[in-house]
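In what follows, a structure is listed as structure tokens, so that the remarks can point back to it.
Chains as they are written, first to last, in the working numbering: chain A, 4 to 397; chain B, 4 to 397; chain C, 4 to 397; chain D, 4 to 397.
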């Protein structure tokens with residue numbers, strides 16, 4: 004059952020494309036920008052470049068490329084993220100202090116691993132290798148998104164607000180919000196190969212298609228805009244504890260949260276940081292950079308609620324989505340038939356299923372082929388640094 | 004629609020019983036034991052005595068007892084727990100430093116409020132008052148349980164392990180574990196007055212009866228015993244990261260967790276602290292004082308999993324339960340039709356619906372009438388100080 | 004060289020007096036007040052009672068009383084403060100959670116140890132035992148002072164400000180401040196038995212009489228009053244970083260320090276907490292409860308400075324002192340000929356000679372026989388909870 | 004009283020030299036190495052380059068250069084270190100996250116300010132300007148030393164131990180230690196222009212020459228070597244609390260300190276990190292990278308003590324020094340006649356005179372003209388990252 008030639012050609016092409024996309028973004032940076040880790044949940048750009056490469060070297064080349072010689076034996080330690088079964092790793096908070104290997108050396112590492120993967124893909128091989136290559140590419144695409152949000156965090160906390168590219172804002176269409184009704188009943192949830200036209204890959208956490216019972220609900224077609232959120236703020240949204248979850252209120256108080264991330268008030272009007280620098284906040288743009296706590300408080304204030312991830316998935320074909328991640332009111336937990344893979348790869352998703360909330364949809368930073376209705380993104384409820392917005396349900 | 008005489012008599016009787024039960028336990032303590040708050044999530048016994056009384060004074064007497072004179076106007080500040088809409092409150096971490104009012108004064112406060120409630124219940128009144136009294140009593144019963152677990156925490160961290168009463172251990176019946184099968188289908192979840200024979204009260208978080216779809220599963224009739232857990236420990240349970248959620252592993256490392264709470268190894272055998280002091284661990288006793296992290300790791304090691312709270316509720320009539328709280332694999336989140344009450348009372352449950360896991364069942368410290376299959380208990384996944392054990396599902 | 008009878012009688016009398024003085028104060032408390040440790044640098048009253056007793060049991064009875072049977076073998080662990088060479092000890096922050104042994108048991112412990120010491124003092128003995136008894140009594144007197152300041156801290160942080168006794172305020176005499184001149188030259192510093200009339204005991208840190216060179220200076224006879232300090236506050240004392248040591252300014256900012264400890268502004272006038280409860284601040288009273296940082300900033304604002312501990316000692320016979328501890332501008336460091344005693348007793352003073360500032364004088368809480376001009380008190384520069392005031396030098 | 008031409012030429016030459024010396028070191032680094040701040044007490048290389056330049060721009064060009072136009076108006080905020088009277092400043096812990104301005108821009112800033120200073124020095128001017136230039140240069144030389152120790156800290160915590168230059172070790176001469184005796188008496192302490200041949204500059208904290216009384220002492224001519232320190236370690240130095248100050252012992256325990264900084268044990272022999280990378284520890288080299296706590300414990304173990312800073316200054320002409328900073332047993336406090344300058348410059352030294360210990364001598368990283376016997380260096384007692392060693396006294 005060897006992989007046929009057409010499939011090999013396609014895979015090689017995909018490999019080259021995805022790897023190049025990562026560098027297309029990092030080439031916008033100065034060497035200085037590759038280094039810091041401004042906060043423990045973010046990682047340096049250099050680290051993202053190296054870690055995604057380590058994934059291919061560690062899980063593929065070391066196993067499948069006979070006689071493979073590691074680029075540098077220290078890298079296994081330096082660029083492992085959290086795979087405990089793959090050996091020891093650098094303490095996470097130290098990522099920003101590793102000035103060496105240099106940026107040039109990391110690009111050389113990428114080129115070295117790419118060359119070997121390309122050679123490997125020219126040989127005959129079985130589906131298990133293809134599967135790992137595809138996983139490695141999807142892994143890299145997830146890091147492309149984190150890379151962008153991490154760089155935005157770094158530059159957005161620099162008092163001189165550097166600009167690195169022309170940022171495309173996401174305008175709402177300006178129409179009045181409309182609501183879609185979904186009927187009560189039993190629905191199927193989770194990835195199913197035949198119904199998902201645009202992707203024949205999914206992560207383990209989407210698998211195990213199963214039934215859920217959904218009650219009648221109405222879901223808003225349009226995401227919440229900046230203008231709507233400003234109404235909430237002007238109505239004392241951040242000063243009224245009764246609107247907030249208890250931990251959300253504490254989070255606001257302890258961190259002096261008074262607005263979405265990157266927003267600054269300047270002489271009575273709101274400005275925000277984008278990749279194009281510091282600019283006035285477009286009121287009709289879709290809101291983003293809010294935490295789950297803010298999303299939940301906003302919905303409560305508005306008299307509505309957030310959808311569960313199951314409601315969202317059932318409604319996905321009826322609503323507009325794909326420009327901003329959307330907080331759901333579901334905790335990130337395993338599906339009934341969830342199976343953890345053997346070995347270090349099994350640490351990919353399963354071990355994070357606690358204290359996080361699921362997000363559905365996709366954002367401007369998401370790879371196109373990750374934009375599928377069964378994709379389960381997840382973050383702790385206090386994080387604002389993703390492009391996360393609000394969908395309402397009643 | 005005034006409350007009739009029989010109902011009034013019953014309510015008064017219930018009120019006296021519940022209030023006395025609290026003091027039956029606290030009278031076992033020395034004055035010294037009423038004071039400290041050894042850890043922020045626990046509260047002093049004196050505080051529990053006063054806070055449950057404050058609930059009646061603040062939410063009932065101030066509203067319904069015409070001309071009521073507060074026992075002491077400082078108490079509104081000192082003994083409010085977390086009701087932001089009921090005014091300012093003492094910083095939580097300071098509860099253990101309030102040596103005054105003295106224990107005697109707090110008992111006098113209880114007697115004063117009790118006398119006024121009793122007078123009130125002799126008058127004519129409407130169901131809204133009855134409802135609040137019943138809520139206040141259920142509130143007090145929840146605090147009776149916390150009181151016991153908090154006192155156990157205090158004494159169990161004293162190196163001389165004081166004994167205060169004869170503790171009744173919960174023996175497993177010694178039979179081999181048996182499994183019950185539950186069939187796939189749509190089930191109803193949540194409190195329904197007519198089907199719950201032993202209680203006509205429920206908390207707001209149990210309401211909103213609704214449908215869920217359950218897949219086939221088998222659930223073990225017996226809870227996990229100490230002996231079974233020791234097998235896990237002896238098989239390296241606390242040294243194998245692949246068995247743990249990532250945050251669970253970190254929690255073990257940062258807190259040097261190597262066993263359930265109150266367990267100590269003494270010359271090759273396990274001992275534990277109970278209300279009767281320090282004694283050898285009975286191997287056939289039902290395990291308790293484990294965190295969600297430990298419960299989840301144990302289940303994974305055993306090749307099984309924890310039930311969801313919905314599976315648990317559906318299976319409840321088929322299995323033995325009621326002696327130990329059981330961690331479920333469900334996050335504590337609102338039911339689809341959940342409504343938050345108006346005013347400060349609305350802060351009772353709803354604002355805690357984040358980052359906590361649901362427990363089902365009941366423990367040796369639970370009031371009998373809280374022992375119902377729809378009751379939703381909830382704690383953060385790292386807490387061990389409740390009487391929390393493990394139920395397995397496959 | 005046995006101790007003669009008169010000396011024995013005197014020693015026994017002194018022993019009984021000092022031990023009784025401790026209890027004279029603690030008998031003012033309710034049981035509840037004996038328990039908490041509101042902050043890590045303070046200790047519970049019960050702990051002080053027991054620890055001072057442990058000192059006699061551990062360093063004297065166990066060595067000198069043949070066949071002595073410990074009152075309770077756990078107490079060596081529970082009530083050792085910081086003598087590492089005397090064995091393991093309870094973690095300091097846990098002192099407030101030890102509700103057992105109860106207060107009654109601790110009084111019984113005191114009585115038991117007292118009886119044994121008294122028996123011992125009726126026998127024949129050598130000066131080494133007398134020396135340790137005297138050290139134990141001076142140790143107890145130091146704890147009497149800490150006991151008072153720790154109880155004041157506990158009650159002064161209770162929002163209802165309990166009163167336990169009639170507090171005697173320390174009035175300044177209302178006269179204009181006068182200055183004494185001291186001439187440049189070589190002076191002798193440190194304890195000398197013959198020149199100290201009121202005490203034939205001193206601590207090891209006062210010993211090693213030696214020469215210092217002092218330059219001309221003038222020292223103010225009167226300590227700073229509350230009224231003077233309010234001037235400083237009203238002149239923006241707490242808002243002007245240029246008046247402060249860098250760590251002092253940070254300390255103010257991080258702890259929101261805006262006044263001396265226990266001061267509260269109530270409708271434009273200043274109130275403070277005393278052992279007699281909450282009362283209006285007497286403007287002519289001598290200021291106390293300021294940190295070194297505040298003392299230093301005040302002096303700078305006033306255009307003066309604090310004395311060194313050597314200047315203070317040289318001037319001591321020319322100025323009024325004894326009612327409030329006075330911060331000096333000297334770090335607490337060993338005298339040139341300082342010798343640390345062998346064994347656990349050597350840990351008494353020497354190991355604290357870093358990061359602390361010396362205070363000279365005495366306060367209302369100090370034992371009379373500790374009120375000598377060579378006595379070196381010492382605390383970290385941010386502590387306000389001692390009765391510490393300000394002396395000026397120019 | 005204008006500065007004459009020869010003096011102007013000399014000053015200009017000195018200015019160019021000192022400024023170039025800074026860059027001679029930083030040019031050894033890769034761009035990546037300029038960025039991180041691995042620990043709050045260290046600063047990024049880029050920051051040192053910019054801050055020393057800011058000093059000239061802010062305190063000199065803005066005042067003396069008529070019509071001066073700031074290079075970039077954001078830099079006043081970004082590169083102020085701690086001068087509160089010079090305006091707001093970046094939060095210290097954020098220095099490592101400022102990737103922009105880039106390294107190139109900072110070099111351009113240096114060139115811009117240098118050009119303006121050079122122009123200024125070609126004009127006629129008064130001694131006050133010269134004084135500030137000299138202060139700015141001495142300030143820059145202090146930062147040259149910090150720059151080296153901060154870079155060493157950064158690279159020495161990188162697991163791959165990068166090498167940037169040929170490091171010159173400081174060998175002891177291998178002879179047996181010899182002791183010099185100093186006689187009791189009154190000595191003069193502090194900077195005096197005529198007696199200091201190699202420098203006509205000193206910092207404010209050295210000024211106010213005054214008398215001290217010194218008792219007889221003997222001081223060792225040679226500093227302690229690595230071999231001697233290893234003896235201490237092998238004798239259980241880090242496991243015996245009786246050798247340590249209490250805070251020193253806690254510091255060891257909390258930070259798992261088991262050796263000087265940069266030492267690592269590898270198969271029974273000691274290695275350390277230097278600017279030339281990771282190499283075996285030369286046993287006869289002079290010990291460095293110890294904290295005051297370690298220095299004090301070592302001296303106690305050896306049966307000696309550390310010198311006071313006054314003893315050191317009196318003995319300085321009789322002993323070999325200049326290769327390693329030496330911890331003294333004196334707290335960093337003002338001399339009797341110490342005067343703080345007016346304005347922001349007054350914040351240079353005075354506000355740090357608390358909780359720090361004085362070091363005397365000089366190290367391999369010290370500018371030659373800072374190597375004078377009255378120079379007072381100072382650090383907190385737990386810092387190891389300076390080139391700090393041990394001198395013994397008996």
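Quick reminder that beta carbons are idealized off the backbone N, C-alpha and C, glycines included.
Bear in mind the structure is a predicted one, so any value in this text is a computation, not a measurement.
In chain B, which residues lie less than 7 Å from residue 189(A) when you measure between Cβ atoms?
Residues of chain B passing the Cβ test: 189 and 216.
Is residue 67(A) closer than 8 Å to residue 116(A) when the C-beta atoms are compared?
One thing to note: residue 116(A) has its Cβ no nearer than 8 Å to the Cβ of residue 67(A).
Can you name, in chain order, every residue of its own chain whose Cβ lies under 6 Å from the Cβ of residue 167(C), other than the five neighbours on each side?
By the criterion of a C-beta distance shorter than 6 Å, residue 167(C) is surrounded in its chain by 31 and 278, once the five residues flanking it on both sides are discounted.
Tell me, to the nearest whole angstrom, how far the beta carbon of residue 21(B) is from that of residue 143(B); I am working on the premise that it is less than 8 Å.
Taking the Cβ atoms as the reference, residue 21(B) lies roughly 6 Å from residue 143(B), within the contact range of under 8 Å.
Rounded to whole angstroms, what's the CA-CA distance from residue 8(C) to residue 128(C)? Just pull it up for me.
Distance between the alpha carbons of residue 8(C) and residue 128(C): 10 Å.
In three-state DSSP terms, what is residue 211(B)?
Coil.
So that I know if they touch, is there some Cβ in chain D lying closer than 8 Å to that of residue 249(C)?
At least one chain D Cβ lies under 8 Å of residue 249(C).
Measure the alpha-carbon distance for residue 344(D) versus residue 60(C) and round it to whole angstroms.
Rounded to the nearest angstrom, the two C-alpha atoms are 56 Å apart.
Identify the continuous alpha helix (DSSP H) that holds residue 19(B) and give its terminal residues.
Residue 19(B) -> alpha helix (DSSP H) spans 8-29.
With distances taken Cα to Cα, identify the nearest neighbour of residue 16(D) among 110(D), 58(D), 133(D) and 369(D).
Of 110(D), 58(D), 133(D) and 369(D), the residue nearest in Cα terms is 133(D).
Does the distance from the CB of residue 376(B) to the CB of residue 316(B) come in under 8 Å?
Taking 8 Å as the Cβ cut-off, residue 376(B) and residue 316(B) qualify as a contacting pair.
Report the CB separation of residue 238(A) from residue 304(A) in whole angstroms; it is logged as a contact under 8 Å.
Yes, they are in contact, since the Cβ atoms of residue 238(A) and residue 304(A) sit about 7 Å apart, within 8 Å.
Please classify residue 139(B): does DSSP put it in a helix, a strand, or coil?
Note: residue 139(B) maps to helix in three-state DSSP.
Residue 189(A), enclosing beta strand (DSSP E) - first and last residue
Segment 188-192, the beta strand (DSSP E) holding residue 189(A).
Leaving out five residues on either side along the sequence, give the residues of the same chain with a beta carbon under 6 Å from the beta carbon of residue 398(A).
Because chain A in this structure spans residues 4 to 397, residue 398(A) falls outside the shown range and cannot be described.
Which full runs of the alpha helix (DSSP H) of 4+ residues lie inside the stretch 208-262 of chain D, going along the chain?
229-237 and 249-258, all fully within the stretch 208-262 of chain D.
At least three beta-carbon pairs within less than 8 Å, the stretch 108-126 of chain C to the stretch 376-395 of chain B:
These segments do not touch.
For residue 41(C) and residue 99(C), I'd like the C-alpha separation in whole angstroms.
C-alpha separation (whole angstroms): 8 Å.
Residues within the stretch 92-109 of chain B neighbouring chain C, beta-carbon criterion of under 8 Å
Cβ contacts with chain C come from 93, 97, 99, 100, 101, 102, 103, 104, 105 and 106.
Count the other C-beta atoms from every protein chain shown that fall within 10 angstroms of the C-beta of residue 267(B), then say buried if there are 16 or more, exposed otherwise.
If you draw a 10 Å sphere on the C-beta of residue 267(B), you find fewer than 16 other C-beta atoms in it, and that means exposed.
7 Å CB neighbourhood of residue 170(D) in its chain, flanking five on each side removed:
Around residue 170(D): 277, 278 and 279.
Just the C-alpha distance for residue 136(A) and residue 88(A), rounded to the nearest angstrom, thanks.
Taking the Cα positions, residue 136(A) is about 20 Å away from residue 88(A).
Using 8 Å as the Cβ pair cut-off and three pairs as the minimum, do the stretch 257-267 of chain B and the stretch 209-224 of chain B touch?
Result no; under three Cβ-Cβ pairs closer than 8 Å.
Contact list for residue 39(C) against chain B, beta-carbon separation under 9 Å:
One finds 38, 39, 40, 99, 100, 101 and 102 in chain B with Cβ atoms closer than 9 Å to the Cβ of residue 39(C), taken in chain order.
What does a CB cutoff of less than 7 Å around residue 51(C) pick up in its chain, not counting 5 residues either side in sequence?
146, 149 and 150, listed in sequence order.
Just the Cα atoms here: how many angstroms apart are residue 4(C) and residue 338(C)?
Taking the straight line joining both Cα atoms gives about 31 Å.
Who are the Cβ neighbours of residue 254(C) in its own chain at under 8 Å, not counting the five residues just before and after it?
If we look at residue 254(C) and ignore the five residues flanking it on each side, its Cβ neighbours are 260, 294, 296 and 385.
Verify whether the separation of the beta carbon atoms of residue 222(B) and residue 322(B) is less than 8 Å.
A contact, by the Cβ cut-off of 8 Å.
Alpha carbon to alpha carbon, what distance is there between residue 38(A) and residue 379(A)?
Their Cα atoms are separated by approximately 30 Å.
Quick one: which chain A residues come within Cβ less than 8 Å of residue 81(D)?
One finds 162 and 163 in chain A with Cβ atoms closer than 8 Å to the Cβ of residue 81(D), taken in chain order.
Check whether the Cβ atoms of residue 358(C) and residue 358(D) sit closer than 8 Å, and answer yes or no.
The answer is yes: Cβ separation under 8 Å.
Restricting to runs no shorter than 3 residues, where is the beta strand (DSSP E) found entirely within the stretch 327-358 of chain D?
Fully contained in the stretch 327-358 of chain D are the following beta strand (DSSP E) runs of length 3 or more, in chain order: 328-334.
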